[in-house]
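S.K.: Please see the structure below; I have some questions.
In this note's numbering, the protein residues as written are 1 to 214.
Below, the structure is given as structure tokens:
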């Protein structure tokens, strides 16, 4: 991944440099030449240390596409779930990662944080997350302790203006989706009726429309 990315980047800079030479933009051509030297050095690093090279390339691709760079800005999406829905949450997590997004899913993300205080780690992740997704195979799961807390906390942040541009999405099984939509969302608590609702089986297209880019 790192080598392919850097080679593509090098080709782009070479073409830009040649164009600048043709039109007489000498100063920009010199900048392109300097950048090409740097890219070649990075390619050497990738060959010597693949792990480091992949990390650099991943961050570069995410930055170019407008996605969050992990460790710098936070998380693109916070995934909330009850343990019975862990498989659904994992599917959403994998989908987001496959699309170069940085999701927070406690089963994977908490060990990475090395936090002994679970509640503190959750609060920090909620604060740093751009969007919120809760997966539901049963409406009753909204009342479980952690899901309820996470939903109310993030919703409050949106309502009070500290999460401008953020989306709150309910990803539901067909059964739960039908319950919600057939009632015109009245089966949801009134403070969550504004949220987007997406079928689990349509996640690969619908969910990315809401959380795909900043």
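Glycine residues also receive a C-beta, built at the ideal position from the N, C-alpha and C atoms. For clarity, every value in this text was computed on a predicted model and none was experimentally measured.
Which one or two residues does DSSP pair with residue 196 in a beta bridge?
M.R.: What you label residue 196 is simply residue 196 of the chain shown in a count that begins at 1. Partner(s): 169.
S.K.: Could you tell me if residue 182 is buried or exposed, where buried requires 16 or more neighbouring beta carbons within 10 angstroms of its beta carbon?
M.R.: As a first step, residue 182 is located in the chain shown; it is residue number 182 there, counting from the start. By the neighbour-count definition (other C-beta atoms within 10 Å, threshold 16), residue 182 is an exposed residue.
S.K.: Quick one: what does DSSP say residue 25 is sitting in, helix, strand or coil?
M.R.: If you number the chain shown from 1, residue 25 lands on position 25. It is coil, neither helix nor strand.
S.K.: If you draw a straight line from the C-alpha of residue 108 to the C-alpha of residue 132, how long is it?
M.R.: The residue you call residue 108 lines up with position 108 of the chain shown. The residue you call residue 132 lines up with position 132 of the chain shown. Cα to Cα, the separation comes out at about 17 Å.
S.K.: Could you tell me which residues DSSP puts in a beta bridge with residue 109?
M.R.: By one-based count along the chain shown, residue 109 stands at place 109. According to DSSP, which records beta bridges pairwise, residue 109 is partnered with nothing at all.
S.K.: Let me check one thing: in DSSP terms, what residues is residue 83 bridge-paired to?
M.R.: To locate residue 83, count along the chain shown from 1; it is residue 83. According to DSSP, which records beta bridges pairwise, residue 83 is partnered with nothing at all.
S.K.: Tell me whether residue 122 is buried or exposed, calling it buried when 16 or more other Cβ atoms sit within 10 Å of its Cβ.
M.R.: Taking the chain shown and counting its residues from 1, the one referred to as residue 122 is at position 122. Buried, since its Cβ has 16 or more Cβ neighbours within 10 Å.
S.K.: Determine the closest residue to residue 154 out of 93, 79 and 11, with distance taken between C-alpha atoms.
M.R.: Here residue 154 corresponds to residue number 154 of the chain shown, with the count starting at 1. Out of 93, 79 and 11, 79 has the C-alpha closest to the C-alpha of residue 154.
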